[in-house]
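Here the structure is laid out as structure tokens; the discussion comes afterwards.
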Amino acid sequence: MSFLNDVGIVCSLGHDKDSVFDSLINKADEEYLKPWSKALDSDKVFWCGQVAETSNMQSLLDGYEPAMQTRNNQLAMLAYQQIKPAIDMLTQDMPATRIAVVVGTSTSGIKEGEVARQVFCDHQQWPSDFDYALQEMVSPADFIATVSGAKGPVYSISTACSSSAKALASARALLQSDLADLVICGGVDTLSHLPNNGFNALESIAATLCNPLSAERDGINIGEGAALFVMSRQTSPIMLRGVGETSDAHHISAPHPEGIGAQSAMQQALNDAGLSGQDIDYINLHGTATPKNDAMETLAVSQVFGEQVPCSSTKRFTGHTLGAAGAIEAALLWLLLSPRNTHGALPKNKSDFGIAPDLARIAVSQGHSVQRLDNALSNSFAFGGNNISVILGKTA
733 MSFLNDVGIV CSLGHDKDSV FDSLINKADE EYLKPWSKAL DSDKVFWCGQ
783 VAETSNMQSL LDGYEPAMQT RNNQLAMLAY QQIKPAIDML TQDMPATRIA
833 VVVGTSTSGI KEGEVARQVF CDHQQWPSDF DYALQEMVSP ADFIATVSGA
883 KGPVYSISTA CSSSAKALAS ARALLQSDLA DLVICGGVDT LSHLPNNGFN
933 ALESIAATLC NPLSAERDGI NIGEGAALFV MSRQTSPIML RGVGETSDAH
983 HISAPHPEGI GAQSAMQQAL NDAGLSGQDI DYINLHGTAT PKNDAMETLA
1033 VSQVFGEQVP CSSTKRFTGH TLGAAGAIEA ALLWLLLSPR NTHGALPKNK
1083 SDFGIAPDLA RIAVSQGHSV QRLDNALSNS FAFGGNNISV ILGKTA
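Using this note's numbering, the letters of the sequence shown correspond one by one to residues 733 to 1128.
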């Protein structure tokens, strides 16, 4: 059994579990994506999910070496601080060698690398405090290991948009193979020019706010954030119940039009959990609001679940947080399954337009409540047809 004892989350919805849940459920009509003032293309407005600055964010990393002084690690620290009490309680008599760290990311310290590169272009030398190691993908995992004192397996996973969901799957494998007794796992990514310009070059950035599942959908809004879980064998109310992973390799950036790999990932997750489609009470869609993803995903969901399970995309709330998306959206499931959700409320599929009539028919959530909310599934579909579905469920 792989129990999710606690979670820390920070994103455009808030800086902790309570504020994120309140924004997602009780203040869903507010807009959480804002124009990004630091975008390089001044002729276009890039709406992004940005983590609001707090008075103490700049001092979070005081005392750590330069290679750890990144925006990514600031966000990771905000998430880690929320789960530290649970870690301390669960590891009182646990050797540090039995504590592992697995973090999904796609940006690591690239934001700081961009600043250093500009200095090099302007002055033909790198900043004196620049350390290339901050750009390594393992950087956030190494940072969390340093902060927590973990001395078991420590590594990052970087498979684009599926990275941090795969971090949860990998963490479970560490427990199952007895390579660790507790795993700090999740994901973190930061707004920076490289991914924003890259998606813009692919013509995948929305002209305005993204509109998942609508006929007017025209692309994504990028976001930033972090979510870190405490995963262990110690019983708690919420667990990682099932995982399904596939790689259909249809195209380097476009999904398989029939969602073959996506269907298989969802079905594998159900089989792994020992559940049927009727046991799932909510699906968090990958729901990027690109024409191809939403068409593929609704088709895949309809094939596996029909029209019975309420679904929505939360990308209009958080933006597409890239490698952190899987963990952040799994954290949203954790919040929905937690006792704070007293009325079984579901997130609405937020969009400025109605559901596109040519999409495969699925049950789209409009923010209603359900009588039963025991198991929920989240999809993450990445470049190269790298797909993963995770199921979180209540233990009792």
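A virtual CB, placed ideally from N, CA and C, is assigned to each residue, including glycine.
Please report the distance separating the alpha-carbon of Pro-927 from that of Gly-976. Those two C-alpha atoms are separated by around 27 Å.
Collapsed DSSP secondary structure at Ser-1034 in the structure displayed: helix
Helix, strand or coil at Phe-862 according to DSSP, with G and I counted as helix: coil
Among Gly-1038, Val-833 and Lys-1126, nearest to Arg-1093 - alpha-carbon criterion: Gly-1038
Is the Cβ-Cβ distance between Cys-743 and Asn-953 less than 8 Å? no
Using the C-alpha atoms, what's the distance from Val-1041 back to Tyr-1014? 6 Å
Comparing alpha-carbon positions, which option in Lys-883, Lys-1024, Gly-841 and Leu-972 lies nearest Leu-934? Residue Lys-1024 is the option with its Cα nearest to Leu-934.
Quick check: the Cα distance between Val-834 and Gln-1010, rounded to an integer number of angstroms? 32 Å
Nearest-angstrom Cα separation, counted from Asn-737 out to Val-962: 5 Å
Inter-residue Cα distance where the pair is Leu-941 and Asn-788: 30 Å
Would you mind sorting Ser-996 into buried or exposed? The rule is 16 or more other CB atoms within 10 Å of its CB. The residue in question, Ser-996, is buried, as its Cβ has 16 or more Cβ neighbours within 10 Å.
Ordered along the chain, which non-local residues of its own chain (more than five positions away) have a Cβ less than 6 Å from that of Thr-802? Gly-841, Glu-844 and Leu-866
Identify which residue in Arg-949, Arg-1048, Leu-1069 and Arg-830 has its Cα closest to the Cα of Leu-907. Arg-830
Host alpha helix (DSSP H) of Thr-878 (start-end): 871-880
Taking its Cβ as the centre, do 16 or more other Cβ atoms sit within 10 Å of Gln-824, making it buried, or is it exposed? exposed
How many whole angstroms separate the CB atoms of Ala-811 and Ala-958, which I take to be in contact at a CB cut-off of 8 Å? 4 Å
Would you kindly report the start and end of the unbroken beta strand (DSSP E) that includes Asp-738? 735-742
Under 8 Å, do Asn-1119 and Leu-945 count as touching if we go by C-beta distance? Using a Cβ distance threshold of 8 Å, Asn-1119 and Leu-945 do not count as a contacting pair.
What are the uninterrupted segments assigned as beta strand (DSSP E) that are 3 or more residues long and contained completely in the segment 795-835, given in chain order? Segments of the beta strand (DSSP E) lying fully in the segment 795-835: there are none.
Please report the Cβ distance between Gly-1051 and Gly-930, rounded to the nearest whole angstrom; I am assuming they are in contact, meaning their Cβ atoms lie under 8 Å. Taking the Cβ atoms as the reference, Gly-1051 lies roughly 15 Å from Gly-930, outside the contact range of under 8 Å.
Integer-rounded CB distance, given that Leu-765 should sit under 8 Å from Val-783: The Cβ separation is near 12 Å, so there is no contact.
Could you tell me whether the segment 1091-1108 touches the segment 1059-1077, where touching means 3 or more Cβ pairs closer than 8 Å? yes
Does the Cβ-Cβ distance between Phe-1113 and His-1018 come in under 8 Å? yes
Straight-line gap, Ser-791 to Gln-1098 (C-alpha atoms, nearest Å): About 40 Å.
Closest to Ser-838 by CA distance: which of Asn-804, Gly-1086 and Pro-817 is it? Asn-804
7 Å Cβ shell around Ala-899 - same chain, five flanking residues per side excluded: Val-834, Val-835, Gly-836, Ile-889, Cys-917, Gly-918, Gly-919 and Ala-1059
Quick one: give me the first and last residue of the beta strand (DSSP E) that Arg-904 is part of. Note, Arg-904: premise wrong, no beta strand (DSSP E); alpha helix (DSSP H) at 895-908.
Element boundaries [beta strand (DSSP E), containing Met-971]: 970-979
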